[in-house]
Each structure stands twice: as C-alpha cells, then as structure tokens.
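Engineer: Taking the working numbering, I'd label the letters of the sequence shown as residues 43 to 230. Have a look at the structure that comes next, please.
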Amino acid sequence: MRGSISGGVSGIVKHIPGHGRAEVDSHESLPIIDNCLNDLLSREFSPFIQLRFAAAAMTGHLLFPKLDQTHPVTFSKKIINDIIRNLIKFEGILLSDDLSMNALSGSIGDRYISALEAGCDVGLHCNGNVQEMELIAKACPGTNEVSKSRIKVFLKKVADVSDNREISEINELKASLREGLKGFFNLT
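In structure tokens:
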C-alpha cells in the first residue's frame, strides 16, 4: 500500500473488518463469523488496525453474531461505529461492497438506504443492472437528509484524501461532485 501511495495511487482496503474466517462466498450467501471480540481483534481486525490510515475501505457482507446478531457489517450501525470507526479507528471514506450481492436480503433500494444509514459513505452497485439502479434512485428521496449529510462528509473526506493535489484540482473535483449530485439529492 505504501508503494501505491508513494506513486500517487490511493488504494482501497477491503473487506473491513475482516473476511478471514468466512466459509462461504458472500457473492452467493451471507458468511457468519461466530468468534468473540478478542479472537476477532487478534486475527480479522489486526490488518485493518495497521491500515487504519488508508484513504478508503470497503465493508464486507459478513455477519458477526457476537457483535450484532441481526445486521451484516454493511447494515450495522453498531459494527461501523463501534468497531470500524472507534476500535479500528478508521476515518477514511467507507464504501459498501456491491449491494446486489446475494449475501444481502431486502430490495435493492432498501439495501442502499440501510448501508447509508448504518454509516457507509458510498453504497456501491456494481452489476450494471439498469432496473436496479432505477430502484436505488427512486429509494433515495426517502433518505434525503441522511444522503445530504453523508455526501457532505464524503466531499470533505475527498478533499482530505486529496491533500497532495493542487488546490485547483480539489476545488474542481468538489465542484464536479456537487454539481453531479445537486439535482439528485437536492443539495444546496
């Protein structure tokens, strides 16, 4: 990662807080990692603690029942806040894994809303299904205030990540993001 950063490329750490003991593929079903916090700290979480200063990280669609019995990481306020943000101390941009994966249940719109409400800065939809993208867009007005708040935080993080860029590049990027999202989220 240091080599990438020194070359001007900011990598994304994944899948936070750790996919190591997963016995199933989260593209197909929800992995359940039923270990206690101390075990998770020594194995799954350890690499992420070392990489906590990364610019961005991607959640894993995993269930840690001893941390949150009902919500996979991507939808868990408890895991995102208590573990990823406070215990691991990750402060960068947090992206969901692909929200169309079979590990998750619920409509695609509900998945997107749940990821943002749990604390993800960006909800990813990667399969290219236009109908699903339209459903996500229709679901967004229901999270208007949450979306505005998350986008403002995201824009600040983008600027923070871009510290080595010229100020004009940062302002151009922020303006472009704001303009692109303005109508969609009613940002002012």
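C-beta atoms are modelled at their ideal positions from N, C-alpha and C, and glycine is treated no differently. Note that the coordinates shown come from a computational prediction; the quantities given were computed from them, not determined experimentally.
(1) Do Ile125 and Leu109 have their CB atoms nearer than 8 Å?
(2) Spatial neighbours of Ser152 within its chain, please: C-beta separation below 8 Å, excluding the five flanking residues on both sides.
(3) Applying the 10 Å Cβ sphere with the 16-neighbour rule, what's the burial state of Phe95?
(4) Strictly by DSSP, which residues pair up with Met100?
(5) Rounded to whole angstroms, what's the CA-CA distance from Leu105 to Phe117? Just pull it up for me.
(6) Quick check: Ser88 and Ala145, are their CB atoms within less than 8 Å of each other?
(7) Is it true that the CB of Gly165 sits closer than 8 Å to the CB of Lys119?
(8) Could you have a look at Gln173 and say whether DSSP puts it in helix, strand or coil?
(9) Any idea which residues DSSP pairs Leu129 with across the strands?
(10) Flag Met175 as yes if its beta-carbon sits less than 8 Å from any beta-carbon of chain D, otherwise no.
Structural biologist: This is what the structure holds:
(1) To locate residue 125, count along the sequence shown from 1; it is residue 83. To locate residue 109, count along the sequence shown from 1; it is residue 67. Annotated as proximal: Ile125 and Leu109, with beta-carbon spacing under 8 Å.
(2) Along the sequence shown, one-based indexing puts residue 152 at 110. Reading the sequence as shown, one finds Asp at residue 152 and not Ser. Ala181.
(3) Translated into positions along the sequence shown, residue 95 becomes position 53. Using a 10 angstroms sphere on the CB of Phe95, the tally of other CB atoms stays under 16, which defines it as exposed.
(4) In the sequence shown, counting from the first residue as 1, residue 100 sits at position 58. DSSP output for Met100 lists Lys56, Leu137 as bridge partner(s).
(5) Within the sequence shown, numbered from 1, the residue matching residue 105 stands at position 63. Within the sequence shown, numbered from 1, the residue matching residue 117 stands at position 75. So the two alpha carbons sit approximately 10 Å from each other.
(6) Numbered from its first residue, the sequence shown carries residue 88 at position 46. Numbered from its first residue, the sequence shown carries residue 145 at position 103. No, these two residues do not count as a Cβ contact at 8 Å.
(7) For the purposes of this step, residue 119 is identified with residue 77 of the sequence shown, where counting begins at 1. For the purposes of this step, residue 165 is identified with residue 123 of the sequence shown, where counting begins at 1. Not a contact, by the Cβ cut-off of 8 Å.
(8) Reading the sequence shown from its first residue, position 131 is the one you call residue 173. The three-state secondary structure of Gln173, taken from DSSP, is helix.
(9) Translated into the one-based positions of the sequence shown, residue 129 becomes position 87. Per DSSP, none; premise fails for Leu129.
(10) You won't find chain D in this structure, because it holds only one protein chain.
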